[in-house]
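Quick notes on the structure that follows.
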Amino acid sequence: MRDMRVAHASSARRSWVLGLALAVATAWPLATARAQDAEEILDEDQMPDATLMGDAGYSWQGDADIDRGGNFSVNRFDIGLLGRAQVADPLRWTNALFFGLSDYDFGGTGGSSNQPWGTILTLRLVSKLTYALDEQWGLTVGGVFIASPESGADWGDSISGGGLLGVDFRPAKKFFISLGAAIITELEDDVTVAPSINMIWLPAPDWAVRVGAVPAAGGSAAAGEVAYKVLEPLEIGLGLLFNQRRFRLDDSGIAPDGVGEENNLPLRLRLGWTITPNFSAHVFAGAALAGELQLDDRNGNLLAKSDYDPAPYVGLRLVGGF
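Structure, rendered in structure tokens:
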């Protein structure tokens, strides 16, 4: 039980450290760029004039050997919607809904051959109100609802959530930053504090920097990227992501009604194509680094934890708005 708490506390600290490190690293003057979010983050500021945005994506994480034996791969599909409305002159209401499916395929020998989990579903709703104090400053308050069960698990036992609070600052048209935190309950674990970060910096023509982090199952999903607009419709970027996923298992596996967790750091190269002002397509390729798998029982006691080798990582994302 102590090992489990230490592992999860370390994971929460790593989420905060990574978010802050990304903010510092990508704000460095030599790292001028335009960025793309992690695959689970809908970019609210990509189309500032759109009142309704949607995105859909697919990514494949190839075979990776697990330190304790065996291997696995993952196919991920997701779709997101974001709507915003100006409730009053200084007050804006934003709602974001995300649904994702991660289909794991375990094989080989050792613990992985026992198929600790299969298809994982994730539903996340974020609702927030932003109050503009003036042209530079704003305050944000909202709530987060997350459900992440394995297919066949009880949705009611897979719910976590909490509240978020943030401060927005826009000192110039070419720089915006929003810093905040969300207090999130966890599946069979202590309440955690997840960073909520959004930074956009346009220091020179054709360059930009963006950092993003949102509360997610198990902690947060974060991303930072450096990119350059090669031609008017084409953009290339190098990014580092952080994904932390924690989910409820069904009652038929090796840990009935237990909890699974996967963490990794994908490093990727992205090519973005702005087809119209309100529609873009993105392809990316890279490697999932620092991978880690964890299995807990239904009471949150640690059963197994293992690292896995770097894995190839490719995907496609479509974003549109009106």
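Residue numbers (this note's numbering): 706 to 1027. Glycine included, every Cβ here is placed at the ideal spot set by N, Cα and C. Note that the coordinates shown come from a computational prediction; the quantities given were computed from them, not determined experimentally.
Taking the straight line between their C-alpha atoms, what separation do you get for S883 and G812?
Translated into the one-based positions of the sequence shown, residue 883 becomes position 178. Translated into the one-based positions of the sequence shown, residue 812 becomes position 107. Distance from the CA atom of S883 to the CA atom of G812, rounded to whole angstroms, is 43 Å.
Using DSSP bridges, identify the partner residues of V824.
Counted from its first residue, the sequence shown places residue 824 at position 119. As written in the sequence, residue 824 is Thr, which differs from the Val given in the question. Note: T824 sits in a beta bridge opposite D808.
Just verifying my parser: in three-state terms, what is the DSSP assignment at G996?
One-based indexing of the sequence shown puts residue 996 at position 291. If DSSP states are grouped into helix, strand and coil, G996 belongs with the strands.
Which residues does DSSP list as the beta-bridge partners of K1010?
Here residue 1010 refers to the residue found at position 305 of the sequence shown. DSSP output for K1010 lists Q999 as bridge partner(s).
Under three-state DSSP, which class holds D1029?
This structure gives no information on residue 1029, because the portion of the chain shown stretches from 706 to 1027.
Looking only at DSSP bridge pairs, what is R973 linked to?
For this step, residue 973 is matched to residue 268 along the sequence shown. Paired residues: G944, G991.
Give the straight-line distance between the Cα atoms of N948 and L972, rounded to the nearest whole angstrom.
Translated into the one-based positions of the sequence shown, residue 948 becomes position 243. Translated into the one-based positions of the sequence shown, residue 972 becomes position 267. Spanning the two alpha carbons is a distance of roughly 11 Å.
Which of the three DSSP states, helix, strand or coil, is assigned to N819?
In the sequence shown, residue 819 corresponds to position 114, counting from 1. Here N819 sits in helix by DSSP.
Report yes or no: do three or more beta-carbon pairs, one from the stretch 955-975 and one from the stretch 899-914, lie closer than 8 Å?
no
Please look up how many angstroms separate the CB atoms of V849 and L869, rounded, as I've assumed it's under 8 Å.
As a first step, residue 849 must be located in the sequence shown, where it is residue number 144. As a first step, residue 869 must be located in the sequence shown, where it is residue number 164. Yes, V849 and L869 are in contact; Cβ-Cβ is about 6 Å, under 8 Å.
Can we say the stretch 843-857 touches the stretch 819-827, given the rule of at least three CB pairs closer than 8 Å?
At 8 Å Cβ cutoff, the stretches touch.
Just to confirm my understanding: we take L976, look at its own chain, exclude 5 residues before and 5 after, and list those with CB closer than 6 Å. What are they?
Counting from 1 along the sequence shown, the entry for residue 976 is found at position 271. Cβ within range, chain order: I941, V988.
Determine the extent of the beta strand (DSSP E) in which D956 is found, giving its start and end residues.
Position 251 of the sequence shown holds residue 956. No beta strand (DSSP E) contains D956, which DSSP labels as neither H nor E.
Give the DSSP-derived three-state secondary structure of K879 in the structure shown.
As a first step, residue 879 must be located in the sequence shown, where it is residue number 174. Looking at K879 - three-state DSSP - the assignment turns out to be coil, as it is neither helix nor strand.
Would you decide whether F803 is buried or exposed? Buried here means 16 or more other CB atoms lie within 10 Å of its CB.
Along the sequence shown, read from residue 1 onward, the residue named residue 803 stands at position 98. F803 comes out buried.
For A800, which beta-bridge partners are listed by DSSP?
Mapped onto the sequence shown, residue 800 falls at position 95. The question names Ala, yet the displayed sequence has Asn at residue 800. N800 is bridged to G788, S832.
How close, in whole Å, do the beta carbons of G963 and D1002 come, if the pair is a contact with beta carbons under 8 Å?
Position 258 of the sequence shown, counted from the first residue, corresponds to residue 963. Position 297 of the sequence shown, counted from the first residue, corresponds to residue 1002. Sure, about 5 Å apart at Cβ, within 8 Å.
By the three-class DSSP mapping on this structure, what secondary structure does P795 have?
Locating residue 795 in the sequence shown gives position 90, where the first residue counts as 1. Three-state DSSP puts P795 in coil, outside helix and strand.
What does DSSP give as the partner residue(s) for S985 in the beta ladder?
As a working mapping, residue 985 is identified with position 280 in the sequence shown. In DSSP, S985 forms a bridge with T979, V1024.
Consult DSSP for G857 and reduce its assignment to one of helix, strand or coil.
Taking the sequence shown and counting its residues from 1, the one referred to as residue 857 is at position 152. Of the three classes helix, strand and coil, the one that applies to G857 here is coil, per DSSP.
Could you tell me whether the stretch 780-793 touches the stretch 757-772, where touching means 3 or more Cβ pairs closer than 8 Å?
yes
How about L892 and S865: do their beta carbons lie closer than 7 Å?
Taking the first residue of the sequence shown as position 1, residue 892 is located at position 187. Taking the first residue of the sequence shown as position 1, residue 865 is located at position 160. It is a contact, given that the beta carbons lie within the stated cut-off.
Are L946 and P821 closer than 7 Å when you measure CB to CB?
In the sequence shown, the residue the question calls residue 946 occupies position 241. In the sequence shown, the residue the question calls residue 821 occupies position 116. Going by C-beta atoms, L946 is not nearer than 7 Å to P821.
Report all residues from its chain with a CB closer than 7 Å to the CB of P1017; omit the five preceding and five following residues, and keep chain order.
Working through the sequence shown from its first residue, we reach residue 1017 at position 312. Same-chain partners within the cutoff: G767, A992.
Return the residue from the list P938, A927, F782, D956 that minimises the CA-CA distance to D859.
In the sequence shown, the residue the question calls residue 859 occupies position 154. Among P938, A927, F782, D956, the Cα nearest to that of D859 belongs to D956.
Using a Cβ-Cβ cut-off of 6 Å (strictly less than) and excluding sequence neighbours within five positions of S818, which residues of its own chain qualify?
What you label residue 818 is simply residue 113 of the sequence shown in a count that begins at 1. Interpretation of S818 is limited by its pLDDT of 45, a score under 50 that renders its predicted location unreliable; the figure taken from the coordinates is listed afterwards. Take S818, set aside five residues on each side of it, and the residues of its chain with a beta-carbon closer than 6 Å to its own are G775, in chain order.
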